């Protein structure tokens, strides 16, 4: 049995099952949210509908994509064989069990669902840490710590929802941890990929390397996000948010993003990261101008924009590279990127539709929410459909060691 699992193509690397399942989870959770929001669908979950929506995306789909990236990247960082076969299959089963437990938590009980759901992040952190330590790649323990914090945020989400009925603080904590992961990993891979691409074209201007500016930007961002978790409406939070937006904007400006406009596979990484400083600025302004900017719309710059664009950018690039395909975007990839960007923009603008439309504006808000969900979900469904063969059952291609 174990030998057959080791030889199973879709279990040869963590990105294969987890990118595919993560994409399906992101799409289906958003598609389910619209009938739930309109009252046409009710799930047997202990979470209130809003919290189920947040959790199933933030700790469901995103967690699978993080797992796929982490399990693939750690082999590259350490030079060790990738986590595969039976061990990878066990992680997939734990993730699936968590999704079922959360959805059926009204039947099983909130605390029992929490125990099942947390088994996956605990196992992922244990495997991730083991690989980093065994490979002697201790500098990447900081990534392990962030992934562990992500698991703690999931536990806090369950506990806060069970004890108070709402998971406001833990939801912001989960968003904050994923943002920190994007800032850390994105700040590593985006300038590196861009530098390699520009050097092949003998460009004179190259992205700046990691410096004190990058470290300072991450520290300011962490402080701003910590304040946002604890006191989201405080003036100090607003000022830190604006400072973090400026710092991350300066980071991005040093990575030669405009020079990559002829390569969608690379450009989308820059565009995805651009939503990080934009989200910080809009969050800060929403505190300073509470009657003008909607805080939930600002937060969706991150959840729909940053997380949507960055996950799909990384999944398409990593899937192609580790499956022996050229690192070039075709029509499918361009369509995926365009759909997720349009969906994110529609979601951010939706709360303002009523004001712009005047009488009957409420209908416009509902329609724009539905349009945003459909566009965003379609991007992930296109990835799942277009990459299924590459990820799951194409043994004829060479399998690159991550």
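Residue numbers (our numbering): 10 to 411.
Ideal Cβ positions, reconstructed from N, Cα and C, are used throughout, including at glycine.
Note that the structure is predicted; figures quoted are calculated from it, not measured.
Separation of residue j from residue i, as counted between CA atoms
{"i": "residue 16", "j": "residue 113", "result": "34 Å"}
{"i": "residue 106", "j": "residue 124", "result": "11 Å"}
{"i": "residue 89", "j": "residue 165", "result": "33 Å"}
{"i": "residue 261", "j": "residue 191", "result": "13 Å"}
{"i": "residue 349", "j": "residue 383", "result": "10 Å"}
{"i": "residue 167", "j": "residue 277", "result": "34 Å"}
{"i": "residue 56", "j": "residue 36", "result": "20 Å"}
{"i": "residue 111", "j": "residue 182", "result": "19 Å"}
{"i": "residue 275", "j": "residue 401", "result": "24 Å"}
{"i": "residue 214", "j": "residue 268", "result": "9 Å"}
{"i": "residue 297", "j": "residue 231", "result": "20 Å"}
{"i": "residue 272", "j": "residue 169", "result": "44 Å"}
{"i": "residue 245", "j": "residue 60", "result": "27 Å"}
{"i": "residue 408", "j": "residue 270", "result": "Here residue 408 scores only 43 on pLDDT, less than 50, and its place in the model should not be relied on; the value that follows carries that caveat. Rounded to whole angstroms, residue 408 to residue 270 spans 30 Å at the Cα level."}
{"i": "residue 279", "j": "residue 229", "result": "21 Å"}
{"i": "residue 150", "j": "residue 195", "result": "16 Å"}
{"i": "residue 144", "j": "residue 86", "result": "8 Å"}
{"i": "residue 233", "j": "residue 259", "result": "17 Å"}
{"i": "residue 397", "j": "residue 281", "result": "23 Å"}
{"i": "residue 122", "j": "residue 48", "result": "24 Å"}
{"i": "residue 225", "j": "residue 372", "result": "44 Å"}
{"i": "residue 18", "j": "residue 174", "result": "43 Å"}
{"i": "residue 42", "j": "residue 374", "result": "15 Å"}
{"i": "residue 379", "j": "residue 157", "result": "34 Å"}
{"i": "residue 301", "j": "residue 117", "result": "43 Å"}
{"i": "residue 405", "j": "residue 324", "result": "With a pLDDT of only 45 at residue 405, under the threshold of 50, the placement of this residue in the model should not be trusted, and no figure is reported."}
{"i": "residue 247", "j": "residue 176", "result": "22 Å"}
{"i": "residue 235", "j": "residue 180", "result": "12 Å"}
{"i": "residue 126", "j": "residue 104", "result": "7 Å"}
{"i": "residue 51", "j": "residue 152", "result": "37 Å"}
{"i": "residue 223", "j": "residue 102", "result": "38 Å"}
{"i": "residue 58", "j": "residue 178", "result": "17 Å"}
Closest Cα partner of residue i within the set the options
{"i": "residue 28", "options": "326, 382 and 350", "result": "326"}
{"i": "residue 82", "options": "260, 168, 278 and 137", "result": "137"}
{"i": "residue 318", "options": "132, 179 and 392", "result": "392"}
{"i": "residue 337", "options": "280, 398, 101 and 322", "result": "322"}
{"i": "residue 71", "options": "230, 245, 215 and 163", "result": "163"}
{"i": "residue 237", "options": "57, 304, 46 and 201", "result": "304"}
{"i": "residue 227", "options": "56, 109, 146 and 155", "result": "155"}
{"i": "residue 347", "options": "93, 31, 153 and 381", "result": "381"}
{"i": "residue 62", "options": "108, 152, 76 and 18", "result": "108"}
{"i": "residue 241", "options": "374, 299, 223 and 222", "result": "299"}
{"i": "residue 76", "options": "50, 26, 46 and 174", "result": "26"}
{"i": "residue 84", "options": "140, 178 and 50", "result": "140"}
{"i": "residue 266", "options": "50, 202 and 127", "result": "202"}
C-beta neighbour in chain B for residue i, strict 8 Å
{"i": "residue 309", "result": "The question asks about chain B, but that chain is absent: this structure has only one protein chain."}
Residue i vs residue j beta-carbon contact at 8 Å
{"i": "residue 98", "j": "residue 33", "result": "no"}
{"i": "residue 386", "j": "residue 39", "result": "yes"}
{"i": "residue 418", "j": "residue 80", "result": "With the chain covering 10 to 411 only, the question about residue 418 has no answer from this structure."}
{"i": "residue 160", "j": "residue 131", "result": "yes"}
{"i": "residue 78", "j": "residue 129", "result": "no"}
{"i": "residue 307", "j": "residue 352", "result": "no"}
{"i": "residue 115", "j": "residue 44", "result": "no"}
{"i": "residue 200", "j": "residue 264", "result": "yes"}
{"i": "residue 95", "j": "residue 147", "result": "no"}
{"i": "residue 309", "j": "residue 399", "result": "no"}
{"i": "residue 93", "j": "residue 31", "result": "no"}
{"i": "residue 394", "j": "residue 377", "result": "no"}
Rounded distance between the beta-carbons of residue j and residue i, thought under 8 Å
{"i": "residue 257", "j": "residue 289", "result": "6 Å"}
{"i": "residue 216", "j": "residue 197", "result": "Actually they are not in contact, since the Cβ atoms of residue 216 and residue 197 sit about 11 Å apart, beyond 8 Å."}
{"i": "residue 320", "j": "residue 74", "result": "5 Å"}
### Query
Are there three or more Cβ pairs, one per stretch, closer than 8 Å when the segment 249 to 265 is compared with the segment 283 to 294?
The segment 249 to 265 is in contact with the segment 283 to 294.
### Query
Is the segment 337 to 347 close to the segment 297 to 316, with three or more CB pairs under 8 Å?
The answer is no - the segment 297 to 316 does not touch the segment 337 to 347, with fewer than three Cβ pairs under 8 Å.
### Query
Is it a yes or a no for the segment 58 to 71 touching the segment 180 to 194, going by three-plus beta-carbon pairs under 8 Å?
Touching, yes, given that three or more Cβ pairs across the two stretches are closer than 8 Å.
### Query
So, do the segment 208 to 220 and the segment 272 to 290 have three or more beta carbon pairs nearer to each other than 8 Å?
With the rule of 3 Cβ pairs closer than 8 Å, the segment 208 to 220 does not count as touching the segment 272 to 290.
### Query
How do the segment 351 to 361 and the segment 328 to 338 stand: do at least 3 beta-carbon pairs fall below 8 Å, yes or no?
As far as the Cβ criterion goes, the segment 351 to 361 does not touch the segment 328 to 338, which means the pair count is below three.
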